[in-house]
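Visitor: For reference, each letter of the sequence shown is one residue, going 36 to 307 in our numbering.
All C-beta atoms, glycine included, are put in the ideal place defined by N, C-alpha and C.
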Amino acid sequence: MRPACLFFSPSVLLCDKLRPTGEKKMRYFVIVNPICGRGLGEKSIAAIDERLKQAGVEYRLTRTERPWHAAELAEQAAREGYDVIVCASGDGTINEALNGLMKARKAGINHAAFGVISIGTGNDFSGGVGIPTDLEHSLEALLANKRKTIDIGFVRGGDFPEGRYFGNGIGIGFDAAVGTAASKVTWTRGLPAYLIGVIATVFLYYNPPKVVIKVDDEQIDQRSLMVSIMNGKRMGGGFRMAPNSQADDGLFDLCICETAGKLRIFGLIPYF
């Protein structure tokens, strides 16, 4: 089932879509999470600086210092008129920066594009929208200034009563519980942390919630192991929740998993 949805559409710089947008020299604001990828963020700054200087672009690079700092920086950069807001980080900080950009856009402040330099451990957002998932090639995609418009969703509830934007996907039920457990794993990141979260969730907690899903004239009312609403293709550092999803088709992919026992859950993991 692929329900139509309301969406916002910021421009995202990609390597292989559409033509460059003119010859105007643009200003880039680069947000780096220094602790992402087990410290890879800080280690990547020198390479990012070198390549941007080599390309002769006008830019400012700033490190994040706390949770949701990227959202503040992205919104402020949009207010200051930067043409491209770039996030060099993993999926969590990318989402924060996207929220800051969308907040500015909703207020009509600025229509900056959003770029990503892939230096995280999961890179689910990059993989889902077509940005290369390594530092060197994602930098080249950024500097090529080729763009596409992607769909952006908005969800309200839980820890975000005022709402939160997403570009990749959201999970309800098991994968949300796993994500919470994985976020508490400090000694590894990406897919390994997610697998640890799966094990912890299966053995320490899980009762499938009862969900009511309304799509157009159809209603689904049942207990579900998990419900994933995907714009990208994967989640959790590589789990392919919606491998056929397209981030620019005006649709979200709805993945519903009915209840399953513990052994069945482990048996399903290799299929993702």
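Put Ile-255 into one of helix, strand or coil per three-state DSSP.
Guide: Ile-255: strand per DSSP, three-state reduction.
Visitor: Quick check on DSSP: helix, strand or coil for Val-164?
Guide: Val-164: helix per DSSP, three-state reduction.
Visitor: Are the C-beta atoms of Ile-291 and some chain C residue less than 7 Å apart?
Guide: Given the protein chain composition of this structure (a single chain), no chain C is represented.
Visitor: Can you find the residues in the same chain that come closer than 7 Å, C-beta to C-beta, to Gly-155, ignoring five residues on each side of it along the sequence?
Guide: Excluding positions up to five away in sequence, the list reads Cys-71, Gly-72, Ser-124, Gly-125, Asp-126.
Visitor: What separation, rounded to the nearest whole angstrom, lies between the Cα atoms of Thr-56 and Asn-68?
Guide: At Thr-56, the pLDDT of 49 sits below 50, so the modelled position is not reliable; the number obtained from the coordinates is stated separately. About 28 Å.
Visitor: Go through its chain and collect everything with a Cβ distance to Ile-207's Cβ below 6 Å, but skip five positions before and after it.
Guide: So the list reads Val-262, once near-sequence residues are dropped.
Visitor: From Arg-275, Ala-132, Tyr-94, pick the residue whose C-alpha is nearest to that of Arg-101; which is it?
Guide: Per the Cα distances, Ala-132.
Visitor: Do Lys-141 and Val-237 come within 7 Å of each other at the CB atom, strictly closer than that value?
Guide: No, the pair does not count as a contact, with Cβ atoms beyond the cut-off.
Visitor: Around the Cβ of Lys-268, are there at least 16 other Cβ atoms within 10 angstroms (buried) or fewer (exposed)?
Guide: By the neighbour-count rule (16 or more Cβ atoms within 10 Å), Lys-268 is buried.
Visitor: What residues match up with Lys-60 in a beta bridge as DSSP calls it?
Guide: Answer by DSSP bridge pairing: none, since Lys-60 is not bridged.
Visitor: Please go through the same chain and pick out, in chain order, the residues whose beta-carbon is closer than 7 Å to the beta-carbon of His-146, but skip the five residues on each side of it.
Guide: Correct list, in chain order: Arg-140.
Visitor: For a test of the three-state rule: what should DSSP assign to Arg-123, helix, strand or coil?
Guide: Checking the sequence, you will find Ala at residue 123 rather than Arg. DSSP places Ala-123 in strand when its eight states are reduced to three.
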